[in-house]
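Here the structure comes first, spelled out in structure tokens, and everything after it is commentary.
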Amino acid sequence: IDFLRPTHRSPSPSFRRRRRYITRPPRGGAPHPFLFVAAAAERGRTSRDGGGEEERRRARALRRRRHHHRAAQRGVAGDARVHEATARVCVSSGEQIVSVGLVGGSDLVKISEQLGKSVITDYDYVFAENGLVAHRNGELMGTQSLKTHLGDEQLKEIINFTLHYIADLDIPIKRGTFIEFRNGMINVSPIGRNCTQEERDDFEKYDKVRNIRPKMVSVLREKFGHLNLTFSIGGQISFDVFPKGWDKTYCLRYLEEFKEIHFFGDKTYKGGNDHEIFESNRTIGHTVSNPDDTMQQCRSIFLSK
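Residue numbers (UniProt numbering): 1 to 305.
See below:
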């Protein structure tokens, strides 16, 4: 997820209904992609004046022309508290402006479930699947395809082996959707993505003790080492498989104009899906534990200046 510099005016309590307020989630929460927010005074005014979508669009364009954007990135967590935390930061931000971006391993459908259906217009940048599907100001910037890169035969080999491994895996429960094929990666879940939130929480605790995902990743890495793939553990129940270089640093190619990029995430340790971008020489990395921690760090870094 991304964060891009300070804010404009205070949002009202109903800021979540105002698309101009950009929310950005922190890195360590429940659902899994977060950024922080940027609020723009123009959005508040057009909302009160009832000028309609065209007027709001002009206000957004005017804001972008007026202000020099500097970028910062941040990881995602997907907690309802993110919106509340973001609002409080906006209230404190005075006359500064922030450009905000979001980067997450999930596809756009899942990100929209976590952050709202208008997510691609709520943020300046939205990078789904680590940036393999990239949007700026609501418009598609570029895509990359795993199918084109690997080919169906190699994909089938990976999927078949993985399904056999899961079939033989002895864990307390299994549900459905063990493999999710995305545009730029394969997402593998030993328990299955159809599990409930309670089952998800239980598996996360079980995995920390039994190392189900790390052991599975180790086997797959050895089996398919010749394909030059990355296996990245993220979230509570799954891990991603994608070509090396297609981690979250992939999205940085769209941010060349920004000289300062801050990234906030929870899984910044080696093997976590935030590690590569956290360690990148193009970013200033910050490890966070939850939305409130993210808010406090952003307030300290950006709003105290």
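Even for Gly, the Cβ is constructed at its ideal location relative to N, Cα and C.
- Contact between Gln144 and Gly184 holds: their C-beta atoms lie close to 5 Å from each other, under 8 Å.
- Look at the region 143 to 210 and you find these whole runs of beta strand (DSSP E), each 3 residues long or longer: 179 to 181 and 186 to 188.
- A Cβ-Cβ distance of about 16 Å is found for the pair Phe203 and Ile179, leaving them out of contact under the 8 Å criterion.
- Cβ-Cβ separation between Lys248 and Asp274: approximately 7 Å, consistent with a contact (criterion under 8 Å).
- Here the alpha carbons of Ser118 and Gly138 stand approximately 9 Å from one another.
- In terms of Cα proximity to Thr196, the closest of Arg182, Lys174 and Arg282 is Lys174.
- Secondary structure note for Ser232: it is in no alpha helix (DSSP H), and the uninterrupted beta strand (DSSP E) holding it is Leu229 to Gly234.
- Secondary structure of Leu252 (DSSP, three-state): helix.
- In the three-state reduction of the DSSP assignment, Ser300 falls in the helix class.
- The beta carbon of Glu276 sits closer than 7 Å to those of Asp247, Lys248 and Thr249, all from its chain and outside the five residues before and after it, given in chain order.
- Secondary structure note for Ser289: it is in no beta strand (DSSP E), with a DSSP letter that is neither H nor E.
- Taking Pro214 as reference, the option from Val133, Glu198, His226 and Val241 with the minimal CA-CA separation is Val241.
- Judged by DSSP secondary structure, Ser238 falls within the beta strand (DSSP E) whose first and last residues are Ser238 to Pro243.
- Judged by DSSP secondary structure, Leu220 falls within the alpha helix (DSSP H) whose first and last residues are Ile212 to Lys223.
- Boundaries of the beta strand (DSSP E) harbouring Phe263: His262 to Gly265, taken from the DSSP string.
- Beta-bridge annotation (DSSP): Phe127 is paired with Val103 and Ala134.
- The three-state secondary structure of Glu139, taken from DSSP, is strand.
- When Glu129, Asp168, Thr121 and Gly101 are compared, the shortest CA-CA separation from Lys110 is found for Glu129.
- Taking all protein chains shown into account, His262 has 16 or more neighbouring C-beta atoms within 10 Å of its C-beta and is therefore buried.
- Proximity to Leu227 across Ile158, Ile284, Ile166 and Lys267 peaks at Ile158, based on C-alpha coordinates.
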